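Encoded as structure tokens, the structure appears first; notes follow it.
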């Protein structure tokens, strides 16, 4: 495991008031954009396993984008329970893909390297189906029961 500290539970260290909610939305959009444009897309080599993701590689696949976004948000004080990696299947192609699900208040948002904007999960479900996601209580456990999130 390359980044064991990212697989531990992190508490919420964000400021909570009306203005901070707007700032959090901006932060999500900025991190999504920065990572999407900062990593060149590349399919993983056959010798690299799916779970060998890297934070901010020069070139990367969907897993590298998702863990980089999660890493940056954890460093910004977001709790691990609000940042779940999710394996999805893209409806149009049947391809398995990794995204980051973010709970902000009552909303669940999707940060995806295939989209330049942060998308509400209810809208993104037109494009993909969730296969499994990290558990909100244990970042090292994955579950098919995403409604617990």
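Residue numbers (our numbering): 109 to 257.
All C-beta atoms, glycine included, are put in the ideal place defined by N, C-alpha and C.
Values in this document were obtained by computation on a predicted structure and should not be read as measured data.
Sequence-distant Cβ neighbours of residue 251 in its own chain, meaning closer than 7 Å and more than five residues away, are 240, 241 and 243. Residue state for residue 226 is assigned as coil, using DSSP reduced to three classes. Around the beta carbon of residue 178, a 10 Å sphere encloses 16 or more other beta carbons of the protein chains shown; the residue is thus reported as buried. In this structure, residue 199 places its C-beta atom within 9 Å of the C-beta atom of residue 237. DSSP, read as helix, strand or coil, puts residue 198 in strand.
Between residue 232 and residue 211, the C-beta gap is not smaller than 9 Å, which leaves the two residues out of contact.
Residue 206: member of the beta strand (DSSP E) spanning 204-212, first to last residue. Residue burial is scored here from C-beta neighbours: residue 172 has at least 16 other C-beta atoms within 10 angstroms and is therefore classed as buried.
Taking a 10 Å sphere around the C-beta of residue 168, we find 16 or more other C-beta atoms and assign the residue as buried.
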